[in-house]
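Each residue of the sequence shown is one higher than the one before, counting from 3 in this note's numbering. Ideal Cβ positions, reconstructed from N, Cα and C, are used throughout, including at glycine. Given the structure is predicted, the values throughout are model-derived calculations rather than measurements.
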Amino acid sequence: MAAEAGPQLLDVYLQPMEDGGGFVRICLEEVRSYHRFSQSCHWLQNEIMQAESRPLCASDITFQLQKQFAFLPGGRQDGCPIIVFPEFPTFGDLPEEEFHSVLTYLTSVPSLNAAGVGFVLVIDRRLDKWASVKATLLRIATSFPANLHQVLILRPTALLQRTISDILFNLKKDDFKMKVPVIMLSSVTELHTYIDRTQLTEELGGTQEYCHEKWISHRTAIEGFALMVKKTAQTLQSFGTELAETELPNDALATTSLLGAHTEKKDQMKEDLRIAQNQGGRLLESIKEPVLKNPEYIMNQDELENLATVQRLMSQLDETEAAFDEFWQRHQTKLEQCLQLRHFEHGFREVRAQLDTAAERLAGFSDVGISPAHAEHILRELNNHEEKVSDILIRAQALACEGDRLIESSHYAVDSILPKCGDLRTVTEALVTELRARKGHLLKAMELHQTLEKAAKWCDDGIYLLASQPVDKCQSQDGAESALQELERYLDTPPQYRLTDIGAIWREYESVLTAEFRDHVEKGFKKQASMLEMFDKRMVSLKKLAAKQTRPVQPVAPRPEAYSKSPLSSPAHRVPEKATSEDDAPNGETCRRAEAQRQNSATRHASQSEEEENLAVLRRHVMNELLETERAYVEELLCVLQGYAAEMDNPAMQPLIPSALQNKKDVLFGNMPEIYEFHKRIFLRELEMYTESPELVGRCFLERMTDLQIYEKYCQNKPRSESLWRQCSDCAFFQECQKNLEHKLGLDSYLLKPVQRITKYQLLLKELLKYSKGCEGADDLQEALTSILGILKAVNDSMHLIAITGYEGNLSDLGRLLMQGSFSVWTEHKKGHAKVKDLARFKPMQRHLFLHEKALLFCKRREENGEGYEKAPSYSFKHTLNMKAVGITETVKGDSKKFEVWCNAREEVYIVQASTAEVKTAWVNEIRKVLTGQLKACREASQQRAPDQTFQFPVSESAPVSVSPLKTSHRGSVKKGEEKKTEPASPEPSSSSSPKYNDKSKGWAKASLSLDISEENDGYSSTEDPLNSDPEEEVGRKLAPGKYTVVADYEKGGQQDLTVKSGDMVQLIKEGEDGQWFVRNLKTSKEGWVTPSNLLSLIGESKSSQSLSSSEGSASGHLSTSSSCSETYASFSDIKA
């Protein structure tokens, strides 16, 4: 053993290097304990009963021993063990191996000392012959495995055999080749002269009690016990070596597992020791049994040796157990200390990582903010961070105290624990110090921010005061003096609202002044200086105006103007006086007039200058509002992204997030991160460049107009976001985030900020444009305002467009959406070659029209239940018209809000009524633009205008151009003209039908179905006008989700159809895309689909259904279809040959 780390720690080889041993560092006491334990095990294995030199056990040769051709009675002659060979007739037939095994075992039983002296053999052949004596002697001479001391032979007693034995023994004595005396005895009495009777069994005339079966049993038990003890010792030593060589694990889990495994093995070892001790105790009782029964019984030497052997084994077993217990106690203590150390190290790593994270997070609080609100927000976040850090600091302190307790309890790893405790305390103190410093830093910055904010507010109020002073009232002496006094009072504001010494600010706030903050301070001083300069100029001007009337006025003749309001101020009365005045003072009057004109001009110029100055002040005021709200907007977006969006990825917050919100961050926040990055990195910085020239900020908007279109994506996602918010608004996650941010309003208010912001820009631009008339950037402001309004319109249109359902094609293929709106629509169609007169109903169909560049879509508006964005309408697609086949009639007689859209030579006519005449005009103009664009696209040279103001567009360049025969205001003449026309081959014969209808029909020429019939065959009543009735609209108005009572039986054979009986209660769940309703029978709990017409007959009288006026279904008014077609635009397909 070589000491390396002081006298208490040793590097030990527990096994030789060639056996795979290695260095194990253990304490000196543990080495000593292990040495004592190992010595005990070694003695048990190698010293007791000479286990290595005794290959045989009684249990191995029990059968041979039971033959009793030789036995060990336990007697001694002069310390030599006696082996008796009793009478055994078949001795000569014994196999040599069997003979050798028995003798080998018998000679191994006595102690080494006794066996070393030599054995005394007593051969009893009294009943045998000389041949047997000879054979026995020869076999013993050649095969006896131990030292011999003496051989005593009881010769045959028969006369002849005795004589032969005496003669032949003397003659053949040298043939036996024995180096020990061989004595031939004639009787037992003679034997007693050599061996004491007490050492001989009763068969040989002795007094020793001997039972061969009992001897075999004792020997088997003793050897079994010895073998058990040996195995136990080997197991203990192996386990002890394993414990001593065990390397301490590096984690708490492995240490706990190792401690459990070792404890389990220790318990098994203890159980083995207990079993061995119990067996040894029983063996001792068996050996002592004769003495216990007869106190006068004297044990023979072999019995005494057996007793001593078992007692030694028991004693050594106890010592080994004690050594093992001591060694285990130290090993267990070491493992428990290792487990404590691993827990401490694990806690140290966790706390150290948390402290490092807290320090890194704290380092991120270097920003001093851009405003008091921003600095206050940072301070709130710092306070929240401090609250979180306080828990970490408490844990770090507790961990350091735990380390101190381990050191005090003499832990073996003091050298590892002590530095960690010191590190924890050092880092904790540094973090606390840094927290205080950051807090003081922010408080100092907030103080300066508040000073600057007060000064800025004072300047803004002053500028507003200048702008609010009416120029016309300041022209009088009293008005000028009043305005002057107002300015002087404002300048007498307490000094805390004004910036005084910039050098003092540099010195006092040097620690918080970043480059950006310095620039902010300098701008504050410049702004104050500019404001004061404006005050000085205004005050100088006001002083002049106030002092202008106080100069002495020389008396002059009355001015003619003084009589302008007199009754005598007619030219006849004024001429003489004027002549007199001019004669008296011609030069004076001229001078006075010139002076008055000069003063009026100066006043006018001063007034214009002040007005321009006021406008500039107002422009700066609007610009300041734009910048301040932009900064606040950016800060609010950052708050939402950090306080809500980032927390959705925080593992600690995952348990609070409901399943409906999992992985839905993109749905909830849309592209808000993209909006934030654009405003933070680009737009805000570029806006700040126009701080001194607000009238030019329109250029910034124009340059970034493409980027601002990202709001369209956000607004399109807003309904999904709103729906998700309503599902999860009450969850603990949002409440916890709102609590951490200290927001009074919920997340939904902040999700609305981008929508509010994009609409705010147009208001600010309007204000700037109002105060920038005639300025350099006025045109850019007007263009920027128009562009922003265009974005808002595009956003609004897209919100409606994404709500369209049921359109089988791709809406993007229809071109750009130009307009959309709700209208009342009447239809009329031509059946074959005969025109069916339109019997329009009083109540038209309500349709929402979407005008694209290539098509006009008719949709049905459906209001949704819910709140907010969930209440936004959806639109069911009904019909589409290809713009290449469309014509319009701009004016319909009798109503200035109506116009006609028609196609296929007026086979289909849609009378559209707008809400106002202005809306109608806008739509007509937009449709006209589309048609005109198509005309240009077809490369037509010019438009031909007919006398009746009807224009027709040719189908192709080769098609002839003709004038429409519509010349009167009566529809009858129109019909006549149309009946005489021949229909040309249209390039798109079914362009006006819906995609679904095109699949089933070959064109409008062979079938004349109303618009509603084409709407997926909703069905209509025969008593109603088939052209204009809207059955689906009627059913949709009657049917709504809810519970109803069935008034008639209904049975169907389809698998998905529902069977109901009169009186059953049914629930209408939802309406399918094909118009059918999914219904549940609440009585049978069965579900199925029912058509609207059948459903109306089932629940028509139900009190639970919505009431419907009988007039709604039957009223059918006849509206005149003859209208004044003052201006009609024909489509390409309506050109007649």
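- Secondary structure remark: continuous alpha helix (DSSP H) runs of at least 4 residues inside the region 469-514, in chain order: 479-493, 504-510.
- It is roughly 20 Å from the alpha-carbon of Glu865 to the alpha-carbon of Ala916.
- Contact between the region 739-751 and the region 687-701 is absent, with fewer than three C-beta pairs closer than 8 Å.
- Rounded to the nearest whole angstrom, the C-alpha separation of His881 and Leu794 is 27 Å.
- Within its own chain, the residues whose Cβ lies closer than 6 Å to the Cβ of Pro292, once the five positions on either side in sequence are excluded, are Tyr299, listed in chain order.
- Ala228 places its beta carbon 8 Å or farther from that of Leu108.
- For Arg351, the uninterrupted alpha helix (DSSP H) run begins and ends at 303-365, by DSSP.
- Bridge pairing for Ala857: Asn884 [DSSP].
- Counting only the Cα atoms, Arg344 lies some 10 Å from Thr258.
- DSSP lists Gln915 as the beta-bridge partner residues of Lys900.
- The beta carbons of His194 and Gly207 sit closer together than 8 Å.
- Burial check for Asp782: the Cβ neighbour count within 10 Å reaches 16 or more, so the residue is buried.
- Judged by beta-carbon spacing, Val523 lies beyond the 8 Å limit of Ala447, meaning their Cβ atoms are not closer than that value.
- Taking Trp1079 as the centre and dropping the five residues before and after it, the same chain places the C-beta of Leu1070, Glu1073, Val1092, Leu1097 closer than 6 Å to its C-beta, in chain order.
- Restricted to the region 183-221, the alpha helix (DSSP H) segments that are unbroken, complete and at least 4 residues in length are 190-194, listed in chain order.
- The C-alpha of Pro183 lies about 5 Å from the C-alpha of Gln152.
- Our two residues, Asn906 and Ala939, have alpha carbons roughly 20 Å apart in a direct line.
- For Ala482, the number of other beta carbons within 10 angstroms of its own is at least 16, and it is reported as buried.
- Straight-line spacing of the CA atoms in Tyr678 and Leu640 works out to 7 Å.
- In the DSSP assignment, Ser113 is bridged to no other residue.
- Partner residues in the beta bridge of Gln822, as assigned by DSSP, are Phe852.
- Of the other Cβ atoms in all chains shown, fewer than 16 fall within 10 Å of the Cβ of Asp480; this residue is therefore exposed.
- Setting aside the 5 residues that flank it on each side, Gln342 is surrounded in the same chain by Leu408, His413, each with a C-beta closer than 8 Å to its C-beta; the list follows chain order.
- Cβ-Cβ distances below 8 Å link Cys730 to Pro660, Ala662, Leu663, Phe736 in the same chain, with the five nearest sequence neighbours on each side left out; the list follows chain order.
- Rounded to whole angstroms, the Cβ separation of Leu238 and Phe326 is 6 Å, and the two are in contact under 8 Å.
- DSSP places Lys862 in the strand class (E or B) of the three-state scheme.
- Between the region 362-381 and the region 304-321 there are fewer than three C-beta pairs closer than 8 Å, too few to call the two in contact.
- For the set Asn385, Asp269, Leu420, the Cα lying nearest the Cα of Phe367 is the one of Asn385.
- The beta-carbon distance between Ala924 and Tyr877, rounded to whole angstroms, is 20 Å. This is too long to meet the 8 Å contact definition.
- When DSSP reads this structure, Gly1044 sits in a beta bridge with Leu1070.
- Boundaries of the beta strand (DSSP E) around Asp126: 121-126.
- Segment contact: the region 776-790 against the region 715-726, fewer than three CB-CB distances shorter than 8 Å; contact not assigned.
- Looking only at Glu920, Glu928, Thr893, Asn927, the smallest Cα-Cα distance to Tyr912 is reached by Thr893.
- By the criterion of at least three beta-carbon pairs nearer than 8 Å, the region 371-389 is not in contact with the region 281-288.
- CA-CA distance, Leu319 to Phe329, rounds to 15 Å.
- Glu637 sits close to His376, with the two beta carbons spaced by under 8 Å.
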